[in-house]
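Throughout the sequence shown, residue numbering follows mature numbering (1 follows the signal peptide of the UniProt record, and there is no 0), covering -19 to -1, 1 to 303 in sequence. Contents: one structure, followed by commentary.
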Amino acid sequence: MKNRAILFTLFLIYVTVPASPRGVGHHKHTNHCPEAENIVKFVVEKALNDTPGIGAGLIRLLFHDCFVGGCDGSVLLDPSDRNPEPEKMAAKNLGLRGFEVIDEAKRLLEIFCPHAVSCADILAFAARDAAEILNGIRYNVSAGRLDGKVSSAAEAEKNLPPPTFNLEELQDLFVNKKNLTTEDLVVLSGAHTIGRSHCSSFTKRLNPNIDPTLNQEFAINTLQPLCPPYANTDGVANLDFVTPVELDSQYYKNVLDRKTVFFSDWSLLTSNETRDLVVQYATKPGDWEADFAVSMAKLSTLDVITDRKEGEIRRCCRSVNY
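This is the structure:
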């Protein structure tokens, strides 16, 4: 009954809502599935209504996909006999969330327009829609990405920045290896205003001694109770303790106050250029929202696959077509 209600709602959307003008494609899937983006947004809205934290998961999922071999949906692939160690098995990816949202969008799209929309496009749309639902941040996302056939946990470990990176290491990755800018680095770091982290990602800042770059009161009163030494389980902490489920510029105030869990966040204060941007976004939220839209749009175009010899449109986002 629940599935019938969803399908009926989508049918009404499909036949009554004008095609979205937001996707301007490389192969223009909108010719074959004009309501693709509306269907994805329907699924994302429902998911965020049920679990608001999933919005952060979708934005992070896109970043982790695009930084490893490009925006090709390779992070979505499950382990298989042919590839037992895909990207999602990397230690840096074990906390990723939102896979079930992409699965549901793909399931519905295969009903309305089979084999027309790639999983890579679905993920790019879903991350954009999450940003819009969470804070009204809007940006255009081109369609036409093909799904990659290669996925490697080793490549994920090599290409994803750890929370221990200093500014020089972050700039080398973002600017030299991904052709982004230092401004993109600071802007995209603002996504740490939502989401959570396992204690194991930052406990070295707490034990045996508190990192001097961390606000001492914050460390003692907030983080240490959540992440005590010698704990039997790996605890979880919000990345932003002020507005943990809001996609806003509070992150930059936290950076200035030294109340961020990652060393890499504090490192944004170690150059005049990046510190000035942190101050700007902390005091002018609208500037960050506008720049976040621009940087997310750039992120979603990293090394996309458009050649059918290299990519495909998967039937299921968790496995390549055999």
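We treat Cβ as the ideally placed atom computed from N, Cα and C, and that holds for glycine.
| Query | Result |
| --- | --- |
| Would ASN30 be called buried (16 or more neighbouring beta carbons within 10 Å of its own) or exposed? | exposed |
| Among ALA28, PHE199, PRO209, VAL167, which one has its Cα closest to the Cα of ALA108? | ALA28 |
| By Cβ distance below 7 Å, which residues in the same chain neighbour ASN302 in space, the five residues on each side in sequence not counted? | GLU293, ARG295, ARG296 |
| In its own chain, which residues sit with a C-beta less than 8 Å from the C-beta of VAL(-3), not counting the 5 before and 5 after it? | Its pLDDT being 44, under 50, VAL(-3) is placed unreliably by the model, and the measurement read from it follows with that caveat. Closer than 8 Å at the Cβ level, and outside the excluded window around VAL(-3), lie GLU16, ASN19. |
| Taking Cβ to Cβ, would you say LEU283 is nearer than 9 Å to LYS159? | yes |
| Does the contact criterion of 3 or more C-beta pairs under 8 Å hold for the segment 136 to 145 versus the segment 66 to 78? | yes |
| With distance defined between alpha-carbon atoms, name the residue in LYS240, HIS45, SER182 nearest to ASP215. | SER182 |
| In whole angstroms, what is the alpha-carbon distance linking ASP192 and PHE155? | 25 Å |
| Could you check if residue 336 is buried or exposed, using at least 16 other CB atoms within 10 Å of its CB as the buried criterion? | In the structure displayed, the chain extends from -19 to 303; residue 336 sits before or after that span and is not available. |
| Please tell me whether, using a cut-off of 8 Å, the distance from the CB of ASN253 to the nearest non-hydrogen atom of the ligand PLP is below it. | With respect to the ligand PLP, the structure shown offers nothing to examine, as it has no ligands at all. |
| Taking DSSP as the reference, what is the three-state secondary structure of GLY129? | strand |
| Thinking C-alpha only, which one of SER133, VAL275, GLU164 is nearest ASP257? | GLU164 |
| I need the boundaries of the beta strand (DSSP E) containing ASN219, first residue and last residue. | 217 to 219 |
| Sort out for me which residues DSSP pairs HIS179 with in a bridge. | VAL217 |
| Around the Cβ of PHE(-9), are there at least 16 other Cβ atoms within 10 angstroms (buried) or fewer (exposed)? | Because the pLDDT of PHE(-9) is 48, which lies under 50, any placement of that residue in the model is unreliable, and the question is left without a value. |
| Just tell me which of ALA134, THR264, LYS240 has its CA closest to the CA of ASN64. | ALA134 |
| Identify which residue in LEU187, VAL56, PRO210 has its Cα closest to the Cα of ALA105. | VAL56 |
| Who are the Cβ neighbours of GLY79 in its own chain at under 6 Å, not counting the five residues just before and after it? | ILE35, GLY38, LEU39, LEU42 |
| Where do the N-terminal and C-terminal ends of the alpha helix (DSSP H) with ALA41 fall, by residue? | It is worth fixing the name first, because residue 41 is Arg in this sequence and not Ala. From DSSP, the alpha helix (DSSP H) with ARG41 extends over 35 to 47. |
| Can you check DSSP and say which residues form a bridge with CYS297? | SER300 |
| Determine the burial state of SER61: buried for a count of at least 16 other Cβ atoms within 10 Å of its Cβ, exposed for fewer. | exposed |
| Check whether the Cβ atoms of LEU195 and LEU204 sit closer than 9 Å, and answer yes or no. | yes |
| Going by alpha carbons, who is nearest to GLU270 out of ASP229, SER245, CYS298? | ASP229 |
| Taking a contact to mean a Cβ-Cβ separation below 9 Å, would you say CYS298 touches ASP84 in this structure? | yes |
| By how many angstroms is the C-alpha of ALA97 removed from the C-alpha of GLY129? | 15 Å |
| Can you tell me whether ASN235 is buried or exposed? The criterion is at least 16 other CB atoms within 10 Å of its CB, across all chains shown. | buried |
| Per DSSP, residue 322 forms a beta bridge with which residues? | This structure cannot settle anything about residue 322, because the visible part of the chain is limited to -19 through 303. |
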